[in-house]
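With numbering that gives the first Met the number 0 as the guide, the letters of the sequence shown map in order to residues 0 to 172. Worksheet: the structure to be examined is printed underneath.
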Amino acid sequence: MIITALLLILTLGAPQQAPQKTTIPGGMNVTRVDATVMCGGATTDEAFPALKKEGFVSVLNLRQADEPGVDLQASRAAAQSVGLRYVHIPVRGAGPDPSSVDAFLTAVQDRSNQPMYIHCGTANRVGALWLVKRVLVDGWDVPRATEEANAIGLTSENLRKFALDYVATHQKK
Numbered sequence: 000m001i002i003t004a005l006l007l008i009l010t011l012g013a014p015q016q017a018p019q020k021t022t023i024p025g026g027m028n029v030t031r032v033d034a035t036v037m038c039g040g041a042t043t044d045e046a047f048p049a050l051k052k053e054g055f056v057s058v059l060n061l062r063q064a065d066e067p068g069v070d071l072q073a074s075r076a077a078a079q080s081v082g083l084r085y086v087h088i089p090v091r092g093a094g095p096d097p098s099s100v101d102a103f104l105t106a107v108q109d110r111s112n113q114p115m116y117i118h119c120g121t122a123n124r125v126g127a128l129w130l131v132k133r134v135l136v137d138g139w140d141v142p143r144a145t146e147e148a149n150a151i152g153l154t155s156e157n158l159r160k161f162a163l164d165y166v167a168t169h170q171k172k
């Protein structure tokens with residue numbers, strides 16, 4: 000019992016490791032956030048076998064069907080062919096729909112989707128939605144969540160503003 004309590008204290012008190020840039024075949028701007036999440040920009044079907052080999056169980060694609068180089072059917076088939084669950088939540092970079100954030104939060108909190116690889120075109124949208132998740136779900140403060148989102152790939156001031164506005168209107172008082 001004492002050992003269990005000590006382990007719990009050590010685990011809860013352990014500092015959060017900073018996101019680490021990494022590489023995977025077919026992945027651009029890839030960041031390992033933690034043991035259950037890796038994020039990236041444009042990702043080709045070549046990445047899926049490597050993700051499966053690393054223990055990932057799902058891929059969450061935030062790209063829109065009409066973006067250059069996107070073939071949702073082929074990507075879904077390639078992911079499923081190696082045993083990965085494929086989730087598609089289209090997010091417009093120029094003006095996301097709040098319902099896409101709601102769907103994102105549901106998908107990333109579903110433990111059956113973890114470990115999960117999340118990607119968009121550059122990791123900009125991933126960073127914005129991850130910022131929202133960190134504040135609303137994980138209880139992080141905005142500066143800390145923003146720093147991590149920037150490390151993941153958030154560069155757009157419009158997406159940053161959208162994320163912070165979403166947080167402000169959905170945060171429990």
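For each residue, glycine too, the CB sits at the ideal point set by N, CA and C.
Whether residue i touches residue j by CB criterion (7 Å)
i: Val69; j: Arg62; result: yes
i: Val86; j: Phe47; result: no
i: Met115; j: Val36; result: yes
i: Met18; j: Ala49; result: Met is not the amino acid found at residue 18; the sequence shown has Pro there. In this structure, Ala49 does not lie closer than 7 Å to Pro18 by Cβ.
i: Leu153; j: Ala144; result: no
i: Leu158; j: Ala122; result: no
i: Ile88; j: Ser98; result: no
i: Lys52; j: Leu83; result: no
i: Phe161; j: Pro95; result: yes
Simplified DSSP assignment, three categories, for residue i
i: Thr10; result: Residue confidence is low: Thr10 scores 39 on pLDDT, short of 50, so the model does not pin down where it sits. No coordinate-derived value is stated.
i: Arg84; result: strand
i: Ala4; result: Unreliable positioning characterises Ala4 in this predicted model, as indicated by a pLDDT of 38, which lies under 50. The coordinate reading is nonetheless provided below. Three-state result, Ala4: helix.
i: Thr168; result: helix
i: Thr42; result: strand
i: Val141; result: helix
i: Pro67; result: coil
i: Leu153; result: coil
i: Glu147; result: helix
From the options, residue whose alpha carbon lies closest to that of residue i
i: Ile117; options: Tyr165, Ala73, Ala78, Thr168; result: Ala78
i: Asp101; options: Val141, Val136, Pro67; result: Val136
i: Asn112; options: Ala127, Phe55, Phe161, Gly152; result: Phe55
i: Ile151; options: Ala34, Thr22, Gly39, Gln16; result: Gly39
i: Ala64; options: Ala41, Gln170, Ala167; result: Ala41
i: Val166; options: Val125, Arg133, Glu146; result: Arg133
i: Val58; options: Gly94, Arg91, Asp96, Val125; result: Val125
i: Cys119; options: Gln16, Thr21, Thr43; result: Thr43
i: Gln170; options: Ser155, Thr105, Gly138; result: Gly138
i: Asn28; options: Ala148, Gln16, Lys160; result: Ala148
i: Ala93; options: Thr21, Gln108, Ser155, Arg110; result: Ser155
i: Val107; options: Lys20, Asn60, Glu45; result: Asn60
Residue i beta carbon near the ligand GDP (any heavy atom closer than 6 Å)
i: Pro114; result: Questions concerning the ligand GDP fall outside what the structure shown contains, since it holds no ligand whatsoever.
Residues that residue i bridges to, as DSSP identifies them
i: Arg37; result: Reading the sequence as shown, one finds Met at residue 37 and not Arg. Per DSSP, Arg31, Tyr116.
i: Gln19; result: Arg31
i: Leu59; result: Val86, Ile117
i: Gly94; result: Note: Gly94 sits in no beta bridge, so no partner.
i: Gly26; result: Thr42
Residue-chain proximity (residue i, chain D), Cβ-Cβ < 7 Å
i: Val86; result: Of the protein chains in this structure there is only one, and it is not chain D.
Where are the alpha helix (DSSP H) runs, 4 residues long or more, that stay fully inside the segment 97–136, in chain order?
Complete alpha helix (DSSP H) runs here, min 4: 97–108, 123–135.
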